[in-house]
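Here the structure is laid out as C-alpha coordinates; the discussion comes afterwards.
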(Lines of atoms letter the chains of each structure in order from A and count residues from 1; the text may use other names and numbers.)
(Lines give C-alpha, C1' and ligand atoms only; values in the text may rest on other atoms or scores of the structure.)
Protein backbone atom coordinates (compact mmCIF):
# COMPACT_ATOMS: atom_id res chain seq x y z
CA UNK A 1 0.00 0.00 0.00
CA UNK A 2 1.21 3.48 -0.86
CA UNK A 3 -0.23 6.70 0.47
CA UNK A 4 -1.44 9.10 -2.18
CA UNK A 5 1.18 11.77 -2.83
CA UNK A 6 -0.02 15.36 -3.03
CA UNK A 7 1.89 18.46 -4.13
CA UNK A 8 0.88 21.55 -2.16
CA UNK A 9 1.68 24.96 -3.62
CA UNK A 10 1.44 27.34 -0.64
CA UNK A 11 3.74 30.27 0.19
CA UNK A 12 2.50 30.88 3.75
CA UNK A 13 4.22 28.62 6.31
CA UNK A 14 1.38 28.57 8.83
CA UNK A 15 -1.26 27.64 6.26
CA UNK A 16 1.01 25.08 4.62
CA UNK A 17 1.62 23.41 7.99
CA UNK A 18 -2.11 23.25 8.77
CA UNK A 19 -2.98 21.61 5.45
CA UNK A 20 0.01 19.27 5.61
CA UNK A 21 -0.81 18.14 9.16
CA UNK A 22 -4.46 17.47 8.28
CA UNK A 23 -3.59 15.45 5.18
CA UNK A 24 -0.77 13.48 6.78
CA UNK A 25 -3.10 12.53 9.65
CA UNK A 26 -5.37 11.08 6.99
CA UNK A 27 -2.61 9.04 5.36
CA UNK A 28 -1.68 11.34 2.49
CA UNK A 29 1.95 12.10 1.67
CA UNK A 30 2.41 15.85 1.18
CA UNK A 31 5.24 17.63 -0.62
CA UNK A 32 5.13 21.38 -0.20
CA UNK A 33 6.38 23.95 -2.71
CA UNK A 34 6.68 27.60 -1.70
CA UNK A 35 6.68 29.00 -5.23
CA UNK A 36 6.02 28.05 -8.84
CA UNK A 37 9.69 27.26 -9.54
CA UNK A 38 9.83 24.71 -6.72
CA UNK A 39 6.47 23.28 -7.80
CA UNK A 40 7.58 22.78 -11.42
CA UNK A 41 10.77 21.10 -10.23
CA UNK A 42 8.81 18.70 -8.04
CA UNK A 43 6.42 17.83 -10.86
CA UNK A 44 9.35 16.97 -13.13
CA UNK A 45 11.13 14.84 -10.53
CA UNK A 46 8.29 13.01 -8.73
CA UNK A 47 4.99 11.33 -9.41
CA UNK A 48 1.97 13.04 -7.83
CA UNK A 49 -1.59 11.80 -7.58
CA UNK A 50 -3.01 15.29 -7.10
CA UNK A 51 -1.94 18.95 -6.76
CA UNK A 52 -3.43 21.54 -4.39
CA UNK A 53 -2.83 25.08 -5.62
CA UNK A 54 -3.10 28.33 -3.72
CA UNK A 55 -3.72 31.07 -6.27
CA UNK A 56 -1.86 34.05 -4.85
CA UNK A 57 1.82 33.27 -4.35
CA UNK A 58 3.98 36.21 -3.28
CA UNK A 59 1.21 38.54 -4.39
CA UNK A 60 0.88 37.08 -7.89
CA UNK A 61 -1.68 34.59 -9.30
CA UNK A 62 0.99 31.95 -9.81
CA UNK A 63 -1.36 29.13 -8.91
CA UNK A 64 -3.32 29.86 -12.08
CA UNK A 65 -0.09 30.22 -14.03
CA UNK A 66 1.03 26.75 -12.93
CA UNK A 67 -2.39 25.30 -13.75
CA UNK A 68 -2.12 26.72 -17.29
CA UNK A 69 1.33 25.21 -17.74
CA UNK A 70 0.10 21.82 -16.52
CA UNK A 71 -2.60 21.93 -19.18
CA UNK A 72 -0.33 23.26 -21.93
CA UNK A 73 2.31 20.58 -21.32
CA UNK A 74 -0.33 17.82 -21.01
CA UNK A 75 0.87 16.85 -17.54
CA UNK A 76 -1.54 14.17 -16.41
CA UNK A 77 -2.02 15.25 -12.79
CA UNK A 78 -5.39 16.47 -11.49
CA UNK A 79 -5.39 19.69 -9.49
CA UNK A 80 -7.68 21.81 -7.37
CA UNK A 81 -7.52 25.34 -6.01
CA UNK A 82 -7.51 26.13 -2.29
CA UNK A 83 -7.53 29.91 -2.03
CA UNK A 84 -8.84 32.96 -0.19
CA UNK A 85 -9.56 34.69 -3.52
CA UNK A 86 -13.31 35.35 -3.80
CA UNK A 87 -13.06 37.65 -6.82
CA UNK A 88 -15.40 36.58 -9.64
CA UNK A 89 -12.77 37.65 -12.18
CA UNK A 90 -10.14 35.43 -10.53
CA UNK A 91 -12.61 32.56 -10.29
CA UNK A 92 -13.52 32.91 -13.98
CA UNK A 93 -9.85 32.80 -14.96
CA UNK A 94 -9.16 29.83 -12.70
CA UNK A 95 -12.23 28.02 -14.05
CA UNK A 96 -10.78 28.10 -17.56
CA UNK A 97 -7.94 25.81 -16.39
CA UNK A 98 -10.50 23.08 -15.58
CA UNK A 99 -9.70 22.45 -11.91
CA UNK A 100 -11.47 19.56 -10.25
CA UNK A 101 -12.53 21.70 -7.29
CA UNK A 102 -12.36 25.38 -6.24
CA UNK A 103 -12.28 25.70 -2.44
CA UNK A 104 -12.26 28.91 -0.42
CA UNK A 105 -10.28 29.62 2.73
CA UNK A 106 -10.93 29.37 5.59
CA UNK A 107 -11.83 25.80 4.72
CA UNK A 108 -13.72 23.15 6.62
CA UNK A 109 -11.48 20.16 7.30
CA UNK A 110 -14.05 17.57 6.28
CA UNK A 111 -14.93 19.59 3.20
CA UNK A 112 -11.30 19.51 2.10
CA UNK A 113 -10.94 15.77 2.74
CA UNK A 114 -14.18 14.97 0.94
CA UNK A 115 -13.21 17.23 -1.95
CA UNK A 116 -9.92 15.37 -2.34
CA UNK A 117 -11.79 12.08 -2.39
CA UNK A 118 -14.21 13.34 -5.03
CA UNK A 119 -11.36 14.80 -7.07
CA UNK A 120 -9.58 11.45 -7.12
CA UNK A 121 -12.78 9.70 -8.13
CA UNK A 122 -13.47 12.21 -10.88
CA UNK A 123 -9.96 11.93 -12.26
CA UNK A 124 -9.56 8.17 -12.25
CA UNK A 125 -13.17 7.21 -12.95
CA UNK A 126 -13.53 5.16 -16.14
CA UNK A 127 -16.48 3.41 -17.72
CA UNK A 128 -15.44 0.13 -16.09
CA UNK A 129 -14.29 1.64 -12.81
CA UNK A 130 -15.42 0.77 -9.34
CA UNK A 131 -17.48 3.59 -7.87
CA UNK A 132 -16.79 5.17 -4.52
CA UNK A 133 -20.05 3.83 -3.05
CA UNK A 134 -19.61 2.43 0.44
CA UNK A 135 -16.22 0.74 1.03
CA UNK A 136 -14.92 0.70 -2.51
CA UNK A 137 -12.41 2.31 -4.77
CA UNK A 138 -11.37 3.46 -8.20
CA UNK A 139 -9.46 1.23 -10.55
CA UNK A 140 -6.52 2.41 -12.65
CA UNK A 141 -4.15 0.15 -14.65
CA UNK A 142 -1.66 -0.37 -11.82
CA UNK A 143 -3.43 0.80 -8.68
CA UNK A 144 -6.66 0.58 -6.78
CA UNK A 145 -7.63 3.80 -5.01
CA UNK A 146 -9.55 2.49 -2.03
CA UNK A 147 -11.64 4.33 0.52
CA UNK A 148 -10.26 3.13 3.86
CA UNK A 149 -11.60 4.63 7.10
CA UNK A 150 -11.25 8.42 6.71
CA UNK A 151 -8.77 8.43 3.86
CA UNK A 152 -8.09 7.09 0.40
CA UNK A 153 -5.15 4.73 0.00
CA UNK A 154 -3.35 3.67 -3.16
CA UNK A 155 -2.89 -0.09 -3.36
CA UNK A 156 -0.47 -1.50 -5.92
CA UNK A 157 -2.34 -4.24 -7.81
CA UNK A 158 0.81 -6.37 -7.83
CA UNK A 159 0.94 -6.16 -4.02
CA UNK A 160 -2.39 -7.98 -3.68
CA UNK A 161 -1.68 -11.59 -2.65
CA UNK A 162 -5.22 -12.81 -3.09
CA UNK A 163 -8.83 -11.73 -3.05
CA UNK A 164 -11.53 -13.58 -1.18
CA UNK A 165 -15.25 -13.10 -0.79
CA UNK A 166 -16.99 -12.09 2.43
CA UNK A 167 -20.76 -11.78 1.97
CA UNK A 168 -21.27 -8.84 -0.45
CA UNK A 169 -17.66 -7.69 -0.19
CA UNK A 170 -14.31 -8.68 -1.62
CA UNK A 171 -11.30 -8.69 0.70
CA UNK A 172 -8.08 -7.53 -0.93
CA UNK A 173 -5.40 -9.31 1.07
CA UNK A 174 -2.02 -7.55 0.96
CA UNK A 175 1.09 -7.90 3.11
CA UNK A 176 0.37 -4.39 4.45
CA UNK A 177 -3.23 -5.08 5.38
CA UNK A 178 -6.72 -5.94 4.21
CA UNK A 179 -9.13 -3.74 2.25
CA UNK A 180 -12.82 -4.18 1.52
CA UNK A 181 -14.56 -3.43 -1.76
CA UNK A 182 -18.30 -3.83 -2.21
CA UNK A 183 -18.15 -5.74 -5.45
CA UNK A 184 -18.53 -9.32 -6.66
CA UNK A 185 -15.44 -11.43 -7.28
CA UNK A 186 -16.43 -12.01 -10.89
CA UNK A 187 -16.83 -8.29 -11.55
CA UNK A 188 -13.56 -7.43 -9.83
CA UNK A 189 -11.72 -10.09 -11.84
CA UNK A 190 -13.19 -8.66 -15.02
CA UNK A 191 -12.16 -5.12 -14.09
CA UNK A 192 -8.62 -6.09 -13.10
CA UNK A 193 -8.15 -7.78 -16.47
CA UNK A 194 -4.79 -9.06 -15.20
CA UNK A 195 -3.45 -12.48 -16.25
CA UNK A 196 -1.53 -12.78 -12.97
CA UNK A 197 -4.79 -13.21 -11.07
CA UNK A 198 -6.28 -16.70 -11.38
CA UNK A 199 -9.50 -17.93 -9.87
CA UNK A 200 -8.74 -21.08 -7.86
CA UNK A 201 -11.99 -21.39 -5.95
CA UNK A 202 -15.50 -19.98 -6.08
CA UNK A 203 -14.46 -17.54 -3.35
CA UNK A 204 -10.77 -16.96 -4.14
CA UNK A 205 -8.72 -15.10 -6.72
CA UNK A 206 -4.94 -15.56 -6.32
CA UNK A 207 -2.01 -13.54 -7.59
CA UNK A 208 0.29 -16.04 -9.32
CA UNK A 209 3.31 -14.03 -8.18
CA UNK A 210 2.37 -14.73 -4.56
CA UNK A 211 2.26 -18.53 -4.90
CA UNK A 212 5.04 -20.52 -3.27
CA UNK A 213 3.76 -24.10 -3.65
CA UNK A 214 0.81 -25.96 -5.17
CA UNK A 215 -0.38 -29.33 -3.86
CA UNK A 216 -2.73 -30.61 -6.52
CA UNK A 217 -3.65 -33.85 -4.76
CA UNK A 218 -4.47 -31.96 -1.56
CA UNK A 219 -6.32 -29.16 -3.37
CA UNK A 220 -4.10 -26.66 -1.61
CA UNK A 221 -2.07 -23.56 -2.52
CA UNK A 222 0.64 -22.17 -0.24
CA UNK A 223 1.51 -18.50 -0.64
CA UNK A 224 4.88 -16.84 -0.06
CA UNK A 225 3.62 -15.62 3.32
CA UNK A 226 2.63 -19.25 4.11
CA UNK A 227 -1.11 -18.57 4.00
CA UNK A 228 -3.15 -21.53 2.72
CA UNK A 229 -5.71 -21.14 -0.06
CA UNK A 230 -8.17 -23.88 -1.07
CA UNK A 231 -7.97 -25.13 -4.67
CA UNK A 232 -11.31 -26.45 -5.87
CA UNK A 233 -11.55 -29.27 -8.40
CA UNK A 234 -13.46 -27.11 -10.84
CA UNK A 235 -10.81 -24.41 -11.08
CA UNK A 236 -7.90 -26.78 -10.60
CA UNK A 237 -8.77 -28.65 -13.79
CA UNK A 238 -8.90 -25.42 -15.75
CA UNK A 239 -5.63 -24.27 -14.17
CA UNK A 240 -3.87 -27.50 -15.16
CA UNK A 241 -5.09 -27.23 -18.74
CA UNK A 242 -3.80 -23.66 -19.03
CA UNK A 243 -0.33 -24.47 -17.60
CA UNK A 244 1.71 -26.96 -19.61
CA UNK A 245 4.07 -27.65 -16.68
CA UNK A 246 1.35 -29.85 -15.12
CA UNK A 247 0.74 -31.95 -18.20
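In this note's numbering, the protein residues as written are 7 to 253.
For glycine and all other residues, C-beta sits at the position ideal for the given N, C-alpha and C.
Remember, it's a predicted structure, so these values are computed and weren't measured experimentally.
By the Cβ neighbour-count rule, residue 53 is exposed, with fewer than 16 other Cβ atoms within 10 Å of its own. Two segments are said to touch when three or more pairs of C-beta atoms, one from each, lie closer than 8 Å; by this definition the region 31-47 does not touch the region 179-198.
DSSP places residue 46 in the helix class (H, G or I) of the three-state scheme.
Listed as beta-bridge partners of residue 12 by DSSP are 36, 56. With respect to the C-alpha of residue 21, the residue from 84, 50, 89 having the closest C-alpha is 89. In summary, residue 64 is exposed, with fewer than 16 beta-carbon neighbours lying within 10 Å of its beta-carbon over all protein chains present. Cβ contact annotation for residue 25 (same chain, cutoff 8 Å, sequence separation greater than five): 14, 16, 36, 58, 88, 118, in chain order. Distances from the alpha-carbon of residue 12 to those of 43, 19, 48 put 48 closest. For residue 241, same chain residues with a beta-carbon under 7 Å away, outside a window of 5 residues either side, are 205, 206, 207 in chain order.
By the 16-neighbour rule on beta-carbons within 10 angstroms, residue 93 is exposed. Per the Cβ contact rule, the region 100-110 is in contact with the region 68-75 (3 or more Cβ pairs under 8 Å). Residue 153 counts as buried, since at least 16 other C-beta atoms from the protein chains shown sit within 10 angstroms of its C-beta. In the DSSP assignment, the residues bridged to residue 220 are 227.
Residue environment: residue 216 is assigned as buried (16 or more neighbouring CB atoms within 10 Å of its CB, all protein chains considered). Per DSSP, residue 185 lies in no alpha helix (DSSP H) segment; the continuous beta strand (DSSP E) that holds it begins and ends at 183-187. Contact between residue 170 and residue 149 is ruled out by a C-beta separation of about 20 Å, above the 8 Å threshold. Rounded to the nearest angstrom, the gap between the Cα atoms of residue 41 and residue 67 is 11 Å. For the set 126, 23, 168, the Cα lying nearest the Cα of residue 158 is the one of 126.
Taking residue 38 as the centre and dropping the five residues before and after it, the same chain places the C-beta of 14, 16, 22, 26 closer than 7 Å to its C-beta, in chain order. Judged by their CB atoms, residue 229 and residue 167 are nearer to each other than the 8 Å cut-off. DSSP places residue 103 in the coil class of the three-state scheme, outside both helix and strand. Note that the C-beta distance between residue 213 and residue 191 is not below 8 Å. By the 16-neighbour rule on beta-carbons within 10 angstroms, residue 19 is exposed. With contacts defined by Cβ atoms closer than 8 Å, residue 238 and residue 225 form a contacting pair. Of the residues 111, 46, 108, the one whose Cα lies closest to the Cα of residue 81 is 46. Between residue 10 and residue 115, the CB-CB gap reaches or exceeds 8 Å.
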